[in-house]
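To keep things clear, I will list the structure first and then write my remarks on it.
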Amino acid sequence: MGKYKIFVDGSSGTTGLRIADRLAERDEFEILKISEADRKDVRARAAVINESDLSFLCLPDDAAREVVPLLRDDVRILDTSTAHRTAPGWVYGLPELHGTREALKTATRVAVPGCHATGFIAPVAPLVELGIIPKAAHLNVTSLTGYSGGGKKMIAEYEAERTNKALNAPRPYGLALHHKHLPEMAAVTGLDTAPNFVPVVADYYAGMETMIPLDVTALGVSAPQVASALAEYYDGQPMVKVHPLCEGTDGGFLAANKLAGKDTLEIYCLANPDGTRMQLISLFDNLGKGSSGAAVQCMNLMLGLEETKGLAR
Ligand SMILES: NC(=O)C1=CN([C@@H]2O[C@H](COP(=O)(O)OP(=O)(O)OC[C@H]3O[C@@H](n4cnc5c(N)ncnc54)[C@H](OP(=O)(O)O)[C@@H]3O)[C@@H](O)[C@H]2O)C=CC1
Ligand SMILES: CC(=O)N[C@@H](CCC(=O)OP(=O)(O)O)C(=O)O
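Note that the sequence shown ends on residue 333 in the working numbering; no numbers are left out.
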């Protein structure tokens, strides 16, 4: 069989570059190119995508939205933007969730999950599916991200000569409380209501730590029950690991950049000694399992290749 023709639309952006680098090292692919003059021309982009077997969209939402109607139905698309995460006909590319790995085999439209959303959905979706968290629950989530999460513009802002002292400290943002990841957080977990979510960007390049307090007493469950349900759900998954209850921290600390450079996600199940308070924490790289790594994992599954090929574990 010949090589798969692959195109990365937005290959000079933060997410696109990480995908392009990973593909360049592999010999199963012929990487299609677009000229500098054409790379923001929607018709020229669509023409290259329509020549490909599979294309990644690594673009702002509007640029992703404008090209999709011009594409052949059978060309396989992995969109890393927020544009299609809850759109009908699109598979939500978190392969570890039940049914998704199978759906990816034939999917032609796949939305790569949002980075903060991944950190929330990975521990919460299984617990809702199992009835441990009721669909009517109102959850809270705080999620730390490195500044690469804001793409080229934010990277340039943090890496330029520093005049704005605010950048020296962690900065909660999205304080109007309607972050763009809320719709997928509710839709994919099955919760009736999106969580109360505050993201925080801080002065380090990459890494995400998503923290979800669980009121186990109100839920009528125990911390060991929550931890074993998650361990069982993710048992055998190559890219997601669940730590046993109260284990895995570094002397009580968990640095948000601990998994920077990796494509894996780790879930920590932490509780106080009598098990009345619990925090679920997802740790991963916003550019790994939070975007580019997740996109490559989905591509491998869509093309029937080894799931972890080219990924950092
Ligand atoms: N960074 C992260 O951690 C994550 C990012 N994402 C999502 O991935 C997508 C890409 O983000 P990211 O890589 O961070 O962003 P960047 O800003 O780093 O890159 C975006 C790229 O898109 C190009 N571009 C902008 N407008 C157009 C257009 N109209 N047509 C073609 N190309 C265009 C830009 O070109 P130019 O080089 O000229 O600016 C740039 O190369 C976004 O939707 C983002 O929300 C998702 C999860 C995590
Ligand atoms: C620091 C920062 O701004 N991070 C971005 C998240 C990354 C991103 O672009 O979101 P998508 O995954 O939906 O594409 C944000 O919170 O909007």
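Just so you know, even glycine gets a beta-carbon here, dropped at the ideal spot from N, CA and C. A quick note: this is a predicted structure, and the numbers were derived from the prediction, not measured.
One or two residues paired with residue i in a DSSP bridge
i	result
K261	E286
Y112	A131
M228	T165 and F304
A291	M298
R96	L74
R191	V221
L234	M298
N320	In the DSSP output, where bridge partners are listed per residue, N320 has none listed.
N13	The question about residue 13 has no answer here: the residues shown for the chain are numbered 21 through 333.
F273	D270
I26	I51 and L74
Residue-level contact to chain D via CB, residue i, 8 Å cutoff
i	result
T128	Here chain D cannot be found, since the structure has a single protein chain.
Residue i beta carbon near ligand 1 (any heavy atom closer than 7 Å)
i	result
D283	no
K53	no
R121	no
G169	yes
R65	yes
S72	no
K278	no
Buried or exposed (CB count within 10 angstroms, at least 16 for buried), residue i
i	result
D270	exposed
S403	The structure shown does not extend to residue 403, since the chain spans only 21 to 333, so no value can be given for it.
Y112	buried
T35	buried
A186	exposed
E286	buried
S32	exposed
D47	exposed
H198	exposed
N184	exposed
F76	buried
A280	buried
Supposed contact pair residue j and residue i - C-beta distance, whole angstroms, cut 8 Å
i	j	result
V144	I232	7 Å
I69	L91	6 Å
D58	A64	4 Å
V132	W110	Rounded, the Cβ-Cβ distance is 10 Å, inconsistent with contact.
M259	D223	Between D223 and M259 the Cβ distance is about 28 Å, and since that is not below 8 Å, they are no contact.
T120	A207	Going by Cβ atoms, the distance from T120 to A207 rounds to 14 Å, so no, they are not a contact pair.
beta-carbon residue i near ligand 2 non-hydrogen atom, thresh 7 Å
i	result
V221	yes
K172	no
S311	yes
C78	no
**Request:** Mind listing, in chain order, the continuous beta strand (DSSP E) runs of no fewer than 3 residues lying wholly within the segment 34-88?
**Result:** 49-51 and 74-77
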